[in-house]
Each structure stands twice: as C-alpha cells, then as structure tokens.
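Residue numbers (my numbering): 162 to 529.
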C-alpha cells in the first residue's frame, strides 16, 4: 500500500504557456473543481491505452442533474466527450445533453482525424457550458476548439485545476509542444546510491511493490531504452508483466545478441545518430513517453545530455557500504559542489518497503 509523504505542486519545467486569448474568464467554483477532479479520475483510468492520443476525461452534468462520464478510447475509438455524450443520449434520448455543463480535462478537438471534431459535437448537442482544464498545444487544435464553442454562444471557462491536469498530461503536452517524447529515467539503488553489490549482483535491491510500480511506468511508456550491456548481463524481456498494460517498444543502444529475450527490438547504433536523434525517430513513430531503464552508462548519457524530463528513483532501506560497488551514473561526476546537478522534488512516496522519489530538472530561472 502506498502512502504519500510529501508533494509539491511543481509543474513541468517545460510547461505549456497558454496564450491570454485562450484563457477566457475563470469563473469556476468549488463544485466545478470537484467535477473536474472526477474527470481527472476518468482520465487516469485510461492512462496506458490512448497514446499517441491524450488520456482525457469528461464529465457531463445534464440540466436535470444527471451525471455521465467518459474517457478517451484506444486510437481510432471515441474521444472522451463523445463517450459522455453517447452515455447521456442512451439514458435520456437525443436531447439529453441540451443545456448541460461539460467538464473536460483537455480542450476539445476541432479537426477531423480518425474521429470527428468533438467541439462541433458539443455544439450540435446543445450543451450550455464547457469547463476546460488546459488548452491543447497540438497545432491541429491550439485554441480552435475553444473558438468553435464560443462562436456558437456556449459559455467557456478554462483553467479549472489547470496545474493538476498539466501534471497529469505532462508527457502529452511536452510531446505536442516540442515534437519530442517525454523522457522518464528510472533508477533503483540503496540509500548509499549503489545499484549492485561489489560482485555485480543486483536482484533484487528493491522489493516487489517497487518492481510492480516500475512495471506501471513501462505500461505508461510507448518505448523503453536500455544499453547492450544490460541485455548481455541480465537478458531482460522488458515487457509489462506485473500490471495490466501494453508492452513498450524495446530499444537497445547497440546490438542485442542473437537469441536475447529483448528481440524483436530496435537496435540503435551511433551510426544511426545520437540520443536526440533517437528521440526524434521515436516521436515520428508516435511515441509520447520513453522510459530509460538502462544501466549506469545509459543513465549517465541521457542525464548529461539534458534529455531527461522526469527522474524516478527507487531507494531501498539498505546500505552496501564501501566504494567498490557501482553507482547510478557511470563516467565523470561533478568537478565541484558548485557543479552538482540539483533537481526539484515533485513527490516522495512510500512504495512497500522502499521509497520512490520523483524529480524534475529545475526551471532555468531557478538555476541561474
């Protein structure tokens, strides 16, 4: 069972800036926040199944007070708003949504892709008010959905629980804003920062609950990256087994030995490009979040390249002692205390017998 020790409201260092023209009047109430929190719960329930689309939740409160919820379906399926509209119509007929208030965690889309535009569907349904948490930075949306609603005379408010939803959707918002995947670096170590004993043995430093939690990170990611050294030493499958969810695409930096359990995988060599080029390649294939699970060499390379957006460090209540056991990062460390990397703690959580620490790189203005 998890118990949260501490949490701050830090948002991504690469937060999406919503233009003032898209914010509208923020007249949301405590009841609105309660409803939006329920929409967030719906979004969380589909976190692992919607990529490359965003995991969105929608709550529709009909004029008679009836409540209907929806969450984004897997790619090609209905968006959250359509699921909620369909539920309302099934229960109350074709006009069930007329005059309703709709709470949605992300700006409704206004373009036609594999599905029709949600903003137009809300207009056609005759809803009276739409409360949106955050605008969608996707160039295909980017305020167009809000404009469609307002042009139809629908009351629109944006910003309800914006910080919380920005955190929930951070990988998607970053991907759509920059064109690159959100990179999560996962590490596991003892309290003195050792990833193995001096003989190289490391199974298991952390307990079962932490390992299960790490598999949840796999399920949330569309690609997982390790180095050839990890494949040779551990022969991992890199699949999602301890929780329900899809397997991420497996990426090996270097050549995986024939017969390794990681096959089939993408083998990325230096001839293919640097780590930034790898991220660009994965983004082009619809990867929203990348999980880096490699050893000290790979972890150090991503860290020093400044490509990590979120650090997840599992710490076991154990001490190896001495200085002959491997640490988290290979290579040269900070030459002086002034050069030490310092992150911003997002959360500290008890996971079974271990501790999970979530960190983000600090905002540039905080580092200066």
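The beta-carbon is built from N, C-alpha and C at its ideal position, and this holds for glycine as well. Source: prediction; values computed, not measured.
Backbone secondary structure at residue i - three-state DSSP
i, result
"residue 326", "helix"
"residue 500", "helix"
"residue 356", "coil"
"residue 404", "coil"
"residue 243", "helix"
"residue 471", "strand"
"residue 463", "helix"
"residue 421", "coil"
"residue 526", "Below a pLDDT of 50, predicted positions are generally treated as unreliable, and residue 526, at 42, falls in that range; the measurement from the model is reported next regardless. It is helical."
"residue 321", "coil"
"residue 279", "helix"
"residue 515", "strand"
"residue 262", "strand"
"residue 476", "strand"
"residue 507", "strand"
"residue 481", "coil"
"residue 520", "strand"
"residue 182", "Caution applies to residue 182, whose pLDDT of 36 falls short of 50 and renders its modelled position unreliable; the value that the coordinates give is listed next. Three-state DSSP puts residue 182 in a helix."
"residue 253", "helix"
"residue 491", "coil"
"residue 316", "strand"
"residue 187", "Note that residue 187 has pLDDT 48, beneath the 50 cutoff, so the model's placement of it is unreliable and the number below is only indicative. Residue 187 falls in the coil class under three-state DSSP."
"residue 232", "strand"
"residue 486", "coil"
"residue 284", "helix"
"residue 193", "helix"
Residue from the options with nearest C-alpha to residue i
i, options, result
"residue 216", "237, 329, 249", "329"
"residue 227", "212, 211, 248, 209", "248"
"residue 352", "481, 502, 210, 220", "481"
"residue 240", "225, 219, 456, 251", "219"
"residue 381", "263, 206, 196", "206"
"residue 388", "415, 440, 494", "415"
"residue 379", "313, 448, 406, 395", "406"
"residue 403", "375, 410, 420", "375"
"residue 519", "471, 483, 290", "471"
"residue 339", "211, 209, 489, 441", "441"
"residue 299", "261, 214, 258", "214"
"residue 312", "359, 291, 499", "291"
"residue 439", "487, 371, 386", "386"
"residue 384", "420, 267, 444, 421", "444"
"residue 523", "508, 502, 515", "502"
"residue 505", "512, 469, 363, 489", "469"
"residue 521", "372, 420, 331, 393", "331"
"residue 306", "275, 359, 242, 363", "242"
"residue 234", "491, 275, 297", "275"
"residue 420", "393, 244, 496", "393"
"residue 301", "269, 361, 447, 418", "269"
"residue 257", "497, 246, 447, 208", "246"
Boundaries (first-last residue) of the alpha helix (DSSP H) holding residue i
i, result
"residue 309", "305-312"
"residue 335", "331-339"
"residue 414", "Unbroken run through residue 414 is the beta strand (DSSP E), 410-414; no alpha helix (DSSP H)."
Start-to-end residues for the beta strand (DSSP E) that takes in residue i
i, result
"residue 290", "290-295"
"residue 345", "343-351"
"residue 431", "Segment: none, residue 431 is in no beta strand (DSSP E) and carries neither H nor E."
"residue 271", "Careful: residue 271 lies outside any beta strand (DSSP E) and carries neither H nor E."
Contact test: residue i Cβ vs the ligand MG heavy atom, cutoff 6 Å
i, result
"residue 346", "This structure does not include the ligand MG; it has no bound ligands of any sort."
Next on the checklist: Count Cβ pairs between the stretch 435-455 and the stretch 343-356 that sit closer than 8 Å; are there 3 or more?
Outcome noted: Result yes; three or more Cβ-Cβ pairs closer than 8 Å.
Item to check | Residue ranges of each beta strand (DSSP E) within the stretch 435-459, 3 or longer | outcome: Qualifying beta strand (DSSP E) stretches, in chain order: 450-453.
Item to check | Inter-stretch contact at 8 Å, needing at least 3 Cβ pairs: the stretch 200-208 / the stretch 325-341 | outcome: The way I'd put it, the stretch 200-208 does touch the stretch 325-341; three or more beta-carbon pairs between them come closer than 8 Å.
Checklist entry - When the Cβ atoms of the stretch 476-490 are set against those of the stretch 364-374, are three or more pairs found closer than 8 Å? => result Because the criterion of three Cβ pairs below 8 Å is met, the stretch 476-490 and the stretch 364-374 touch.
Next on the checklist: Suppose only complete runs of 4+ residues qualify. What are the alpha helix (DSSP H) ranges in the stretch 196-230, listed by chain order?
Outcome noted: Counting only runs of 4 or more, we get nothing.
Checklist entry - Are the stretch 306-324 and the stretch 423-440 in contact at 8 Å, needing three or more beta carbon pairs? => result Touching, no.
Next on the checklist: Suppose only complete runs of 3+ residues qualify. What are the beta strand (DSSP E) ranges in the stretch 360-399, listed by chain order?
Outcome noted: For the stretch 360-399, whole beta strand (DSSP E) runs of length 3 or above, ordered along the chain, are 384-388.
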